[in-house]
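Here is the structure we will look at.
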Amino acid sequence: MRTLRKHSAVFGVALAATVALAGCSGGGTDTNAAPAAQGDAAGIATAQSNLDAYLNPPTWQGPTDPVKTSGLSGKRVVYINVSSSIPVLKYWSDTLKVILNDTAGVQLEEIDAKGSVDEANKGFQQAIASKADVVVLVALFPDLFTQQIAAAHAQGMKVITAQSGVPGDISKGQDAEVSFDYVKVGQLIADWMIVDSKGTGKATIFSSDDVPASQPQVNGTKDEVAKLCPGCDVTVSDVQIPQWETGIPTAFQSALNTDPDRTYFLPLYDGQGLTGLSAIRSAGAGEKANVGTFNATPGIVDGLNDPTSGLKLDIGGHNEWWAYAMADQIFRELSGTAPVENYNIGLRVFDQSNKDLITGTDEFSWYDYDGYKAEFAKLWTK
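First residue of the sequence shown: 1, per UniProt numbering; consecutive thereafter.
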């Protein structure tokens, strides 16, 4: 397994529970600081309005153009998963396989890269040699595969990347991308911090630069704070996957002890921040600390109902909706239909105002919307 951008590009749902983690406390920091005596009222109002829109159930925002699914039976998709041991990534591939087959008779073959770029490269070469129709790269840096993408195109194959961080970003030569909008996630985390702190919050973002979607999310938060909150202070600390288990709690504890005014902790993914929540509990700092993050992973997001955890915000992305979106994009590539730039896959803010939604084991019920199934069905014409 290589290091940084050369090793596993795993992105964060439930990683703390599924990846063997070891290492030391985190890497470099940078600062976006503009301290002020009081918050900016207009900026706070804008942040509140942004946040309010995502406290409600998500709604369908397209696509609207139909795609023919007839004549696709027997087409073959090679799906290169950065790590099939991560539950949500395995859920995506399993769900996608059923949708493709049941809707159009398209076959999906999954390759588990086991967190290794070398294994992913090997799988890509196998896909080219066997003349697959589509290759999907999941949670891997696309710029590490530009030569393979070109070779696939030379054989008439299509390449779709997933969870690179920015919907519609095909700047590395791929044909299409399917991603949650990580920039929007970052903006919403900033909006929450601005509102909750009344425009005076001091925060640390815990990045993980070995994950493709990290920088878009970090930039979303930093840019939103710079735009709306002159009285806020934000630093960034890069704590990469091998360091999560020990680096995050050490960083949380250090901030609690040495910078008592820096009370907002913003790990990109709730799996990344899991050990930090334990550190907050151990320090008895649940009321003082304010943790805001992404993924709404079952078993972690429940911390919203535990005042000792410090978890105050966990934004969720609808995982079944994502699988339907990927199926739609595959159908479009196979049929010669123009790809969709942004599927606007449902996001929902879960915080202290709606934490009662986090009950039971059916995570999809928390979003209170499943209309995407019928909407996609209307687009998939025979």
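Using N, Cα and C, we set each Cβ at its ideal position, and we do this for glycine too.
query	result
Using 8 Å as the Cβ pair cut-off and three pairs as the minimum, do the segment 242–249 and the segment 168–183 touch?	no
Verify whether the separation of the beta carbon atoms of V166 and L51 is less than 8 Å.	no
Where does G62 land, buried or exposed, given buried means 16+ other C-beta within 10 angstroms?	exposed
Along the chain, which unbroken stretches of the beta strand (DSSP E) at least 3 residues long are found entirely within the segment 168–227?	176–178, 202–207
In the DSSP assignment, find the unbroken beta strand (DSSP E) run with V77 in it and report its ends.	76–81
With distance defined between alpha-carbon atoms, name the residue in V340, T293, S83 nearest to V349.	T293
Determine, using beta carbons only, whether G316 and S309 come nearer to each other than 8 Å.	no
Write down the C-beta distance between I149 and G168 rounded to the nearest angstrom, noting that I regard them as a contact closer than 8 Å.	Incorrect: roughly 16 Å between the Cβ atoms, too far for contact.
So for E287, helix, strand or coil by DSSP?	coil
Starting from the C-beta of A296, find all residues in its chain whose C-beta is less than 6 Å away, skip the five residues before and the five after it, and write them out in chain order.	D314, G316, F350
Looking only at its chain, what residues have a beta carbon closer than 7 Å to the beta carbon of Q48, apart from the 5 residues adjacent to it on each side?	V195
So D328 is in the alpha helix (DSSP H); what residue range does that whole segment cover?	319–335
Using beta-carbon positions only, say whether V234 and I205 come within less than 8 Å of one another.	yes
Check each candidate in C232, L274, Q217, W322 and name the one with the smallest Cα separation from I248.	L274
Give the secondary structure of K158 by DSSP, where H, G and I count as helix, E and B as strand, and everything else as coil.	strand
Excluding five sequence neighbours on each side, which residues of the same chain lie with their C-beta closer than 8 Å to the C-beta of V67?	D328, F331, R332, S335, T337, L379, W380, T381
Please specify which runs of the alpha helix (DSSP H), each continuous and at least 4 residues long, are wholly inside the segment 58–110, giving them in chain order.	87–104
List the endpoints of the continuous alpha helix (DSSP H) containing S164.	S164 -> no alpha helix (DSSP H), and no H or E assigned at all.
From the DSSP output, read off the bridge partner residues of V349.	I315
Residues in its own chain within less than 6 Å of residue 385 by CB, not counting five upstream and five downstream?	No information on residue 385 is available, as it lies outside the stretch 1 to 382 that the chain covers here.
Between the segment 348–367 and the segment 108–122, are three or more C-beta pairs nearer than 8 Å?	no
Classify N56 as buried or exposed, calling it buried when 16 or more other Cβ atoms lie within 10 Å of its own Cβ.	exposed
Taking Q107 as the reference, give the member of D306, G74, W192, Q155 with the closest Cα.	G74
What is the DSSP secondary structure of L268, reduced to helix, strand or coil?	coil
Helix, strand or coil: which one does DSSP assign to F124?	helix
Near A190, which residues of its chain fall below 6 Å by C-beta distance, leaving aside the five closest residues on each side in sequence?	T221, E224, V225
Alpha helix (DSSP H) containing L55: first to last residue?	41–55
So the beta strand (DSSP E) L137 belongs to, where does it begin and stop?	134–138
How would you label V257, buried or exposed, when you count the other beta carbons within 10 angstroms and need 16 or more for buried?	According to the sequence as given, residue 257 is Asn; it is not Val. N257 comes out exposed.
Which partner residues of D112 appear in the DSSP bridge assignment?	N81
Mind checking whether A154 and V136 have CB atoms under 8 Å apart?	no
Tell me the rounded alpha-carbon separation between E177 and L100.	17 Å
Check the DSSP bridge columns for W380 and list the partner residues they point to.	V67
Please report the residue range of the alpha helix (DSSP H) in which Q253 lies.	244–258
I need the straight-line Cα distance from residue 385 to W92, nearest angstrom please.	In the structure as shown, the chain starts at 1 and stops at 382, and residue 385 therefore has no counterpart that could be examined.
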